[in-house]
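Visitor: Structure below; questions to follow.
Chains as they are written, first to last, in our numbering: chain W, 59 to 214; chain R, 955 to 1503.
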């Protein structure tokens, strides 16, 4: 099979770019810890209200400027849906669903994860800027999907 | 070589035309649904008579994502195989019709359950939202019908090989066979979740379902699905466009190699749709991200081949300078212009795909309307404009008519309208998505959230784009109706280009199906076995069905 010289250059450049991209993604993920939310912990979706930490959902202080935010997601609500977080706090957000698949997104941030019944999903975020952020569901879950919302207020 | 004058057999032509009729009816109805969605999301319009946004959305996705594409592709491939490998035997044609009717009945069933409000589960039908069993059964019939047609194509191919020992099969036939193998291997996943999980569960035979297994089987199918859409567009680019402009195929062997690479790499990549999911370890997600990036390589080869064909042709016509050849291309010919504009849109489309498949960037755009903007570039512009461009010669070829100059001009206008409408719609979807606006959601201000209010101007731009695109749909329907029923009688060519160099032995080696399917299966097993076993062994309690619409 004959490969034209220009095609060799083009493919070398293109494939080279792909490997650069993959290296950037890989180093960021495995060396710097920027992995996608991939929690393996399971939970009985029908016993979420009785299972810690979701039996008492909300913000819990776990250390110096470190918090855990546990949110129960169901059709069509986030519990709790009004959250105040001190500026600079490092927050580990845990979510799970009581019914169907939902999405958990804090608009304008990198907080974005799938919420699936039977699984806990988790992600850590440091809130550096004061302001108000919108929580919304970004995976279709039924008639009230677009009504699911909440607020995070980052305060001084 | 045999017959550049070859025509598709008249009986085979009817089979293809039947597929194309269904495809364009789906375009009309699905396009109307799309228009309504963009109007609702602008916030200025409410659906009448209590029709649900999500019913319309499900209709749009199923009709355009599954029905338009599958019917057009199978119809086109029947014509391509009949054109290049000779008329079908009565048996092959009979099974082609069985496939067609199975798919059509399946489509009608699915549509019935969607429109009667019993299946507002979107075209991805993620459990534990539970549609009426008839919805899943209808989709099963669509897939089974496509398998029957696939095997009809395989049978015809096998007969050709028997009659032409030691010869490489015609390029379009080879490509059609590759695409149907890809389709067969990937639909096994969706068939497994529908037959073993969703159907028994929706019929009440089982009461719980493993969500993650179902989603994983769906996405094992869901990504190669987009390559099943793309490869027929590539067939048209590789084989038809060179003939339309008066040039030659840049390289027969490299075209075949590109198709084999698609077969091998497009399947074990579904996790890049599941990057933000619990229950799958980051390591296996990354393995599939690597494989996802490998699928870019045959697209790079295709881009090179296309522009090499264009430039060689222009230079053979005396073009000079770095870009002089561009002026020699037949810009006034819709058969070239529509697919060419499609190619241009694949540049941002492909780049967006690489972004979506990258862990950290996906974190920003996952499930935002950015993703909707992305696939409206790739499938709804690149692929669809190429299909329109093909319809402009395929339909008159089959109906024994010719395209008039006026219709050609209308087709050029149609392409421009589409490009403008899509720039508005997809462009504003991309921007709104970066700001966080979610996909698959009816209009909402999220309790007057200042952030959500910022998205509204983009949503209005989407409605403007959607309206322009709907005008584009009306135009293409006018053109194809004319070509099928009203254009002047005459002969239209089914353009099939010759290779610049005669087929080499490598072309024959590309038909070592045992080897390619073996590698494909091996890669699938490597990418999926361990995470899949993990999912089953560490499964949480299953889910009951929910009807929340």
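We put the beta carbon where it would ideally sit given N, CA and C, even for glycine.
1. Looking only at its chain, what residues have a beta carbon closer than 7 Å to the beta carbon of residue 1500 of chain R, apart from the 5 residues adjacent to it on each side?
2. With three or more beta-carbon pairs closer than 8 Å as the criterion, would you say the stretch 1346-1359 of chain R touches the stretch 1429-1443 of chain R?
3. Going by CA-CA distance only, name the one from R:1289, R:1154 and R:1109 that's closest to residue 1448 of chain R.
4. Are residue 1177 of chain R and residue 1243 of chain R close, meaning C-beta to C-beta below 9 Å?
5. Compute the Euclidean distance between the alpha carbons of residue 957 of chain R and residue 1338 of chain R, then round it to the nearest angstrom.
6. Using only the alpha-carbon positions, how far apart do residue 1505 of chain R and residue 1061 of chain R sit?
7. Determine, using beta-carbon pairs with one atom in the stretch 155-168 of chain W and one in the stretch 1390-1410 of chain R, whether at least three such pairs fall under 8 Å.
8. For the alpha helix (DSSP H) that residue 64 of chain W lies in, which residues bound it at each end?
9. Under three-state DSSP, which class holds residue 1143 of chain R?
10. Here's a check: name, in chain order, each residue in its chain whose Cβ is nearer than 6 Å to the Cβ of residue 1248 of chain R, leaving out the five neighbours to either side.
11. Report all residues from its chain with a CB closer than 6 Å to the CB of residue 1067 of chain R; omit the five preceding and five following residues, and keep chain order.
12. For residue 1008 of chain R, count neighbouring C-beta atoms within 10 Å of its own C-beta (all shown protein chains included) and say buried if the count is 16 or more, exposed if not.
13. Quick check on residue 162 of chain W: does DSSP put it in helix, strand or coil?
14. For residue 133 of chain W and chain R, any beta-carbon pair shorter than 9 Å?
15. Is residue 1093 of chain R buried or exposed, if buried means 16 or more other CB atoms sit within 10 Å of its CB?
16. Count the other CB atoms within 10 Å of the CB of residue 1416 of chain R; is the residue buried (16 or more) or exposed (fewer)?
17. Should the stretch 1278-1292 of chain R be regarded as contacting the stretch 93-102 of chain W, the criterion being three or more beta carbon pairs within less than 8 Å?
18. Check whether chain R comes within 9 Å of residue 108 of chain W, counting only Cβ atoms and requiring the distance to be less than that.
19. Please list the partners that residue 1229 of chain R has in chain W, where partner means a Cβ-to-Cβ separation under 8 Å.
20. By the three-class DSSP mapping on this structure, what secondary structure does residue 1231 of chain R have?
21. For a contact defined as C-beta to C-beta under 9 Å, what are the partners of residue 1279 of chain R on chain W?
22. Based on the DSSP output, what are the partners of residue 1426 of chain R in its beta bridges?
23. Out of curiosity, what's the CA-to-CA distance linking residue 1275 of chain R and residue 1262 of chain R?
24. Can you name the residues that DSSP bridges to residue 1025 of chain R?
25. What are the boundary residues of the beta strand (DSSP E) that includes residue 149 of chain W?
26. Below 8 Å on C-beta distance, what does residue 1255 of chain R contact in chain W?
27. Distance check for residue 1228 of chain R and residue 1198 of chain R, CA to CA, integer angstroms please.
28. Note down, in chain order, all residues in the stretch 165-177 of chain W with a beta-carbon under 7 Å from any beta-carbon belonging to chain R.
29. Any C-beta of chain W within less than 9 Å: which residues of the stretch 1001-1012 of chain R qualify?
30. Who are the neighbours of residue 163 of chain W on chain R, taking C-beta pairs under 8 Å?
31. So, does the CB of residue 1492 of chain R fall closer than 9 Å to a CB anywhere in chain W?
32. From the DSSP output, read off the bridge partner residues of residue 118 of chain W.
33. Please tell me whether residue 1248 of chain R has its Cβ less than 9 Å away from any Cβ of chain A.
34. So within the stretch 1171-1199 of chain R, which uninterrupted alpha helix (DSSP H) runs reach at least 4 residues, ignoring any that extend past its ends?
35. Tell me whether the stretch 1033-1051 of chain R and the stretch 1133-1146 of chain R touch, counting them as touching only if at least three CB pairs, one residue from each stretch, are closer than 8 Å.
36. Can you give me the start and stop residues for the beta strand (DSSP E) that residue 190 of chain W sits inside?
Guide: In short, the structure shows the following:
1. 1082, 1083 and 1084
2. The answer is yes - the stretch 1429-1443 of chain R touches the stretch 1346-1359 of chain R, with three or more Cβ pairs under 8 Å.
3. R:1289
4. no
5. Residue confidence is low: residue 957 of chain R scores 42 on pLDDT, short of 50, so the model does not pin down where it sits. Its coordinate-derived value is still stated next. Each residue's Cα considered, the two are about 29 Å apart.
6. For residue 1505 of chain R there is no data in the structure shown, the boundaries of chain R being 955 and 1503.
7. yes
8. 63-84
9. helix
10. Once the five neighbours on either side are set aside, the close Cβ partners of residue 1248 of chain R are 1219.
11. Shown here for residue 1067 of chain R: same chain residues with a beta carbon closer than 6 Å to its own, the five before and five after excluded, namely 1073, 1086, 1088 and 1089 in chain order.
12. Residue 1008 of chain R comes out buried.
13. strand
14. yes
15. buried
16. Per the 10 Å Cβ criterion, buried.
17. no
18. no
19. 94
20. coil
21. The contacting residues do not exist; residue 1279 of chain R stays about 14 Å from chain W at best.
22. For residue 1426 of chain R, DSSP assigns no beta-bridge partner whatsoever.
23. 15 Å
24. Partner(s): none; residue 1025 of chain R has no beta bridge.
25. 148-155
26. 65 and 69
27. 41 Å
28. Here the close residues are 165, 166, 168, 170, 171, 172, 174, 175, 176 and 177.
29. 1006, 1007, 1008 and 1011
30. 1321, 1322, 1390 and 1392
31. Yes - at least one Cβ of chain W is within 9 Å of the one on residue 1492 of chain R.
32. W:126
33. Although the question refers to chain A, the structure presented lacks it and instead comprises the protein chains W and R.
34. 1195-1199
35. no
36. 189-194
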